[in-house]
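**Q**
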Amino acid sequence: MLVSIIIPAFNEERLIVACLKSVDGALAANRSYGFAHEIIVVDNNSTDKTALLATEASAKVVFEPVNQIARARTAGANAASGDWLLFLDADCLLNAALVDDIFRLITEGKHVGAGSTLYMPNLPWWAAGMLHFWTILSVMFKWAAGALIICNARAFREVGGFNQTLYAAEEVDLSRKLKKWGRAHRLAFTILRKHPIETSPRKVELYSSREIFSQLFRLLLNPWRTLQNKKRVSIWYDGRR
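So, in structure tokens, the structure goes:
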């Protein structure tokens, strides 16, 4: 069994090394499963040392010139050889217990894929409330967060992968398609909750509550138009790091 870990990265020189070290440590702690792995970092047109640092950490680096998360993840999937694909954001830290949950899920053979709940340290009260609300929605509707998505590679390709007309929420769209594929093949899609993936709270640190709620309001008012317009999802694309 080969698992491909795919990490899209745009100007992530501050965080990519810690992310890759966490991946190495989590995989090393789960050697007993006997899974092979490859680590692919997608340089999404970075202007910093992201690609160099990833190469120095022995990751395979591929280049995607169009700055769009769905395209970056797709470029990684196209370069992957794995039976399973694990998409991980570059500002995340993977833990050994979560990898154990993932490898156990793969071994059991009852799932097409999974997402994970999130842990963000040092959040202000309003951001903690938003994260709690997202967690309820994620578990209830089985929507994966972009921080971590694991799926069967065959299913990923048969459902068409990520929707490249979307500039955000492509992971929710993929969750929907994988659930449909899974039902047809008697396989489940789930959200792993026991060991959340740790992800950076940097959006809360870099953007004011007013900017974040303004973004949320645009999404609620006209989700499809907003998600298909790069300028309308600026907190993902304006380059703040």
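According to my numbering, the sequence shown is numbered sequentially starting from 107.
Beta carbons: idealized from backbone N, C-alpha and C, even for Gly.
How many whole angstroms separate the CB atoms of residue 211 and residue 226, which I take to be in contact at a CB cut-off of 8 Å?
**A** Translated into positions along the sequence shown, residue 211 becomes position 105. Translated into positions along the sequence shown, residue 226 becomes position 120. Contact doesn't hold; Cβ gap of about 23 Å is too wide.
**Q** Could you check if residue 329 is buried or exposed, using at least 16 other CB atoms within 10 Å of its CB as the buried criterion?
**A** Counting from one through the sequence shown, the residue named residue 329 turns up at place 223. Counting Cβ neighbours within 10 Å, residue 329 comes out exposed, since fewer than 16 surround it.
**Q** Let's see if you can read the secondary structure: which residues bound the beta strand (DSSP E) around residue 110?
**A** As a position in the sequence shown, residue 110 is number 4, starting the count at 1. Taken as a continuous stretch (DSSP letters only), the beta strand (DSSP E) holding residue 110 covers 108-115.
**Q** So, residue 114 versus residue 148, is the Cβ gap smaller than 7 Å?
**A** Locating residue 114 in the sequence shown gives position 8, counting from the first residue. Locating residue 148 in the sequence shown gives position 42, counting from the first residue. In this structure, residue 148 lies closer than 7 Å to residue 114 by Cβ.
**Q** Is it buried or exposed, residue 291, if we count other Cβ atoms within 10 angstroms and call 16 or more buried?
**A** As a working note, residue 291 is residue 185 in the sequence shown. With fewer than 16 other Cβ atoms within 10 Å, it is exposed.
**Q** Measuring CB to CB, does residue 278 end up less than 7 Å from residue 249?
**A** By 1-based counting over the sequence shown, the position of residue 278 is 172. By 1-based counting over the sequence shown, the position of residue 249 is 143. Yes, they are a contact pair.
**Q** Within the same chain, show all residues whose beta-carbon is closer than 6 Å to that of residue 325, passing over the 5 residues directly before and after it, in chain order.
**A** Mapped onto the sequence shown, residue 325 falls at position 219. 332, listed in sequence order.
**Q** Around the Cβ of residue 260, are there at least 16 other Cβ atoms within 10 angstroms (buried) or fewer (exposed)?
**A** If you number the sequence shown from 1, residue 260 lands on position 154. Burial call: exposed.
**Q** Quick one: grab the DSSP three-state call for residue 149.
**A** Your numbering for residue 149 matches position 43 in the sequence shown. Residue 149 falls in the strand class under three-state DSSP.
**Q** Per DSSP, which residues does residue 340 bridge with? Please list them.
**A** In the sequence shown, residue 340 corresponds to position 234, counting from 1. The partner list for residue 340 (beta bridge, DSSP) is empty, contrary to what the question assumes.
**Q** Tell me which same chain residues have a C-beta within less than 8 Å of the C-beta of residue 336, skipping the five on either side of it?
**A** By 1-based counting over the sequence shown, the position of residue 336 is 230. 174, 273 and 343, listed in sequence order.
**Q** In whole angstroms, what separates the C-alpha of residue 112 from that of residue 201?
**A** Position 6 of the sequence shown, counting from 1, holds the residue named residue 112. Position 95 of the sequence shown, counting from 1, holds the residue named residue 201. Whole-angstrom Cα-Cα distance: 16 Å.
**Q** In chain order, what residues of the same chain have a beta carbon less than 8 Å from the beta carbon of residue 117, not counting five sequence neighbours either side?
**A** Residue mapping note: residue 117 aligns to position 11 of the sequence shown, counting from 1. Contacts found: 152, 153, 154, 156, 345 and 347.
**Q** The alpha helix (DSSP H) spanning residue 156 covers which residue range?
**A** For the purposes of this step, residue 156 is identified with residue 50 of the sequence shown, where counting begins at 1. Unbroken alpha helix (DSSP H) run through residue 156: 156-162.
**Q** Can you tell me the Cα-Cα spacing of residue 289 and residue 207, whole angstroms?
**A** Mapped onto the sequence shown, residue 289 falls at position 183. Mapped onto the sequence shown, residue 207 falls at position 101. Distance between the alpha carbons of residue 289 and residue 207: 22 Å.
**Q** Which partner residues does residue 304 have in the DSSP bridge list?
**A** Residue numbering aside, residue 304 sits at position 198 when the sequence shown is read from its first letter. Bridge partners of residue 304: 199 and 225.
**Q** Residues in its own chain within less than 7 Å of residue 310 by CB, not counting five upstream and five downstream?
**A** In the sequence shown, counting from the first residue as 1, residue 310 sits at position 204. Result list for residue 310: 229, 230 and 233, in chain order.
**Q** When the Cα atoms are used, what is the spatial distance from residue 159 to residue 256?
**A** Taking the sequence shown and counting its residues from 1, the one referred to as residue 159 is at position 53. Taking the sequence shown and counting its residues from 1, the one referred to as residue 256 is at position 150. Spanning the two alpha carbons is a distance of roughly 24 Å.
**Q** Grouping DSSP H, G and I as helix and E and B as strand, with all else coil, what is residue 129?
**A** The count along the sequence shown starts at 1 and reaches residue 129 at position 23. Reduced to three states, the DSSP call for residue 129 is helix.
**Q** Where residue 125 and residue 196 are concerned, what is the direct C-alpha to C-alpha distance, given to the nearest angstrom?
**A** To locate residue 125, count along the sequence shown from 1; it is residue 19. To locate residue 196, count along the sequence shown from 1; it is residue 90. C-alpha separation (whole angstroms): 6 Å.
**Q** Does residue 245 come out as helix, strand or coil in the three-state DSSP assignment?
**A** If you number the sequence shown from 1, residue 245 lands on position 139. DSSP places residue 245 in helix when its eight states are reduced to three.
**Q** Keeping to the same chain, check which residues put their C-beta closer than 6 Å to that of residue 144; ignore five residues upstream and five downstream.
**A** Taking the sequence shown and counting its residues from 1, one reaches residue 144 at position 38. Here the set comprises 110.
**Q** Over the uninterrupted beta strand (DSSP E) stretch that includes residue 172, give me the two end residues.
**A** Position 66 of the sequence shown, counted from the first residue, corresponds to residue 172. First-last for residue 172: undefined, no H or E at that position.
**Q** Counting only runs that start and end within the region 278-337, where is the alpha helix (DSSP H) found for 4 or more residues in a row?
**A** Runs found: 308-312, 315-327 and 329-333.
**Q** Please name the residue, chosen from 214, 275 and 185, that lies closest to residue 240 on a Cα-to-Cα basis.
**A** Here residue 240 refers to the residue found at position 134 of the sequence shown. Among 214, 275 and 185, the Cα nearest to that of residue 240 belongs to 275.
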